[in-house]
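**Student:** Would you mind keeping the following structure in view while I ask a few things?
Residue numbers (this note's numbering): 9 to 394.
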């Protein structure tokens, strides 16, 4: 496990307490503006819920929804908590946690599952590690349409074909009622790189595997991985970063999963299959190889923030990194931002390390609970039909 202390820049990867702290960071105007490369963390006092890791923490409006995880004794949990973020006149933040009433039905206890929020009304979770230590393959939906006063869990997506049971994978909302599952570690400890789509708006939601013929894919394909991040960015694309392979070798590569191409392929167009995955060239000082980190995107969809994770060596993983995507504009439409030329045909991606000190700004708010990071505001999503 990894224990992180954002103030003292240390990491314990052996023994120790699973943390129950919650932090908020003020981002400012994003990556690329010299005056904004300051990342200021504030700890929010709460005391509950109990310390854990492998949980999920999703943003719904101005509140956090936490589910499950594994505690100090190795016990798998299935409690659901609401964290209400409150901004005081002094610009300090505080959080109030309460246990959410979900009725008699709840997912079996688990940790290392994947989760995402859909349209500020639903939380969907999939897989994880259950009570016996085995990987799970079930999918559950938390209905929060009652305005966070209460919720109800329902199992969905249980009709074959189904994704293999797994943990350490990602589930990324892509707009509307759809989400994409990628990667993870399977029941036989195999590491995966399959891609699945789920639409919860269907009468009977079913998983659909988005298969691709490797022989027809141009260039490289991402290696199977677990403990990566998969973040929705501008243009309706998913940015996959890091993770580790079956030999626990950690990665520092960046890949784009092109959703418009992927969804056209799903509807039968083989023409787009060659453009589904794209490896990114990244300029600037880059984060070290890592897995099981946190990542989130700002409101523009062009700045991705990465925090913590498991790394090799003695590098401090409590550093925060920002990636500026100079980005997914329409073909041949250029734009100058911070001295870089933006072009669909010539994409430039630049990393910058964010300083940690006591300068405050009130623009974008990433929240950190344990090792899970999420951003307050959403990004503009493209219209995707198939």
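Quick reminder that beta carbons are idealized off the backbone N, C-alpha and C, glycines included.
(1) Going by C-alpha distance, which of 159, 253 and 179 is nearest residue 303?
(2) For residue 156, which three-state DSSP category applies?
(3) Is the distance from the Cβ of residue 195 to the Cβ of residue 142 below 8 Å?
(4) For residue 52, name the three-state secondary structure that DSSP assigns.
(5) If we count the other Cβ atoms within 10 Å of its Cβ and call it buried at 16 or more, is residue 107 buried or exposed?
(6) Assign residue 289 to one of two classes, buried (16 or more other C-beta atoms within 10 Å of its C-beta) or exposed (fewer than that).
(7) Helix, strand or coil: how does DSSP classify residue 27 here?
(8) Determine the contact status of residue 241 and residue 309, defining contact as a CB-CB distance below 8 Å.
(9) Going by CA-CA distance only, name the one from 230, 260 and 72 that's closest to residue 314.
(10) So, with DSSP's three-state summary, where would you put residue 137?
(11) Assign residue 124 to buried or exposed, taking buried as 16 or more other Cβ atoms, counted over all protein chains shown, within 10 Å of its Cβ.
(12) Can you list, in chain order, the residues of its chain whose CB lies under 7 Å from that of residue 301, leaving out five sequence neighbours each side?
(13) Which residues in the same chain as residue 235 place their Cβ atom closer than 6 Å to its Cβ, once the five residues preceding and following it in sequence are excluded?
(14) Of all the options 199, 188, 245 and 109, which has the alpha carbon lying nearest to the alpha carbon of residue 155?
(15) Have a look at residue 115 and residue 292 and give me their C-alpha separation to the nearest angstrom.
(16) With the cut-off set at 8 Å, would you say residue 5 and residue 215 are in Cβ contact?
(17) I believe residue 137 touches residue 122 by the beta-carbon criterion, under 8 Å. Please report the beta-carbon distance rounded to the nearest angstrom.
(18) In the structure shown, what three-state DSSP assignment does residue 149 receive?
(19) Does DSSP put residue 339 in a helix, in a strand, or in coil?
(20) Using a Cβ-Cβ cut-off of 6 Å (strictly less than) and excluding sequence neighbours within five positions of residue 129, which residues of its own chain qualify?
(21) For residue 120, which residues from the same chain have a beta carbon less than 7 Å from its beta carbon, with the 5 sequence-adjacent residues on both sides left out?
(22) In the DSSP output, what is residue 64 paired with across the bridge?
(23) Could you tell me how far apart the beta carbons of residue 112 and residue 85 are, in whole angstroms, since I believe they sit closer than 8 Å?
(24) What span of residues does the beta strand (DSSP E) with residue 237 cover, start to end?
(25) Using three-state DSSP, classify residue 172 as helix, strand or coil.
(26) Of the residues 306, 103 and 258, which one's Cα is nearest the Cα of residue 319?
(27) Please tell me whether residue 216 has its Cβ less than 8 Å away from any Cβ of chain D.
(28) Unbroken alpha helix (DSSP H) runs of length 4 or more, entirely within the stretch 172-204: which are they?
(29) If you follow the beta strand (DSSP E) that residue 104 is part of, which residue opens it and which one closes it?
(30) Sort out for me which residues DSSP pairs residue 130 with in a bridge.
(31) Determine the direct distance from the alpha carbon of residue 69 to that of residue 297, and round the result to whole angstroms.
**Tutor:** According to the structure data:
(1) 179
(2) coil
(3) yes
(4) strand
(5) exposed
(6) exposed
(7) coil
(8) Yes, they are a contact pair.
(9) 260
(10) strand
(11) buried
(12) 237, 250, 314, 315, 316 and 317
(13) 176, 251, 252, 299 and 300
(14) 109
(15) 43 Å
(16) Since the first and last residues shown for the chain are 9 and 394, residue 5 lies out of range.
(17) Contact doesn't hold; Cβ gap of about 12 Å is too wide.
(18) strand
(19) Bear in mind that the predicted position of residue 339 carries a pLDDT of just 26, short of 50, making it too unreliable to give a figure here.
(20) The beta carbon of residue 129 sits closer than 6 Å to the beta carbons of 152 and 153 from its chain, once the five residues preceding and following it are set aside; these are given in chain order.
(21) 62, 136, 137, 175 and 176
(22) 75
(23) Not really, about 17 Å apart at Cβ, beyond 8 Å.
(24) 237-241
(25) coil
(26) Of the listed residues, the one whose Cα sits closest to residue 319 is 258.
(27) Absence of chain D from the displayed structure is noted, only one protein chain being present.
(28) none
(29) 101-107
(30) 126 and 151
(31) 33 Å
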